[in-house]
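K.L.:
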Amino acid sequence: YRAGIRTDLENQNQEQADQQARNTAWTQVVEGSEIKEYPESLVKQGEDTYQDQVESYAQMFGMEVEDYIEQLGMSQEEYDAQKEEYGKSITAARLVLQAIVKAEGYTVDDEDYKNRLAEYVEQQQTTEEEFLEQYGEDVVEEQIMMDRVLDLIMENAVVTEKQETEESTDAANTDTDAAAEDTQAEE
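To get my numbering, take the position in the sequence shown, counting from 1, and add 1447.
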């Protein structure tokens, strides 16, 4: 029984470490990319997403957005700046994703895309049509392309592991050796 729980915890920690490495690699690729122009429509979409999230949190706490922002210790100007920064960061990520997808020649018609879509559909135990209708074709396409790009980045990344601190080990309270990973991705 204990061995089974230990194995489950080790697997969970490895999955978390792998996901963290992917996130770190992606962040480094985006931050290492030069964005010459931020299309206003994409920035606005990112800002709207940020606004929707804040409104959702405010509603969850039974507050007006202005009161919630104040509760966070931000002025309206600081909030607006943070919303704009979020919009730009989302835009940068989308532009980098699009550039890599184009450079690699990835399309929705290639075999890898179709296989990944079939995996998603199978995991959800639904039909492709229902799956695409539920999540939206654009969202599914972007997610599959992101998975493909992240796989490519990780295949070409140089990954180094850091020893975790005693404090984080205590916080995790597990017997596994989860490690924070720094990744340098090549473009």
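Positions of the beta carbon are idealized from the N, C-alpha and C atoms, including for glycine. Please read all numbers here as calculations on a predicted model, not as lab measurements.
By DSSP, does residue 1555 sit in helix, in strand, or in coil?
P.N.:
coil
K.L.:
To the nearest angstrom, how far is the alpha carbon of residue 1452 from that of residue 1468?
P.N.:
24 Å
K.L.:
Is the segment 1462–1481 touching the segment 1583–1603 in the sense that three or more CB pairs, one from each, lie closer than 8 Å?
P.N.:
yes
K.L.:
According to the Cβ coordinates, are residue 1602 and residue 1555 closer than 8 Å?
P.N.:
No, the Cβ-Cβ distance between residue 1602 and residue 1555 is not below 8 Å.
K.L.:
Count the other C-beta atoms from every protein chain shown that fall within 10 angstroms of the C-beta of residue 1604, then say buried if there are 16 or more, exposed otherwise.
P.N.:
When all chains shown are included, residue 1604 counts as buried.
K.L.:
Under DSSP, the alpha helix (DSSP H) around residue 1507 begins and ends at which residues?
P.N.:
1487–1507
K.L.:
Since residue 1452 is in the alpha helix (DSSP H), which residue starts that stretch and which ends it?
P.N.:
1449–1478
K.L.:
Does the separation of the CB atoms of residue 1520 and residue 1491 fall below 8 Å?
P.N.:
no
K.L.:
I need the boundaries of the alpha helix (DSSP H) containing residue 1516, first residue and last residue.
P.N.:
In the DSSP annotation of this structure, the continuous segment of the alpha helix (DSSP H) that includes residue 1516 starts and ends at 1512–1518.
K.L.:
With distances taken Cα to Cα, identify the nearest neighbour of residue 1479 among 1570, 1560 and 1540.
P.N.:
1540
K.L.:
Could you check which residue in 1582, 1552 and 1485 has the C-alpha nearest to that of residue 1531?
P.N.:
1485
K.L.:
Decide if residue 1448 is buried, meaning its Cβ has at least 16 other Cβ atoms within 10 Å, or exposed.
P.N.:
exposed
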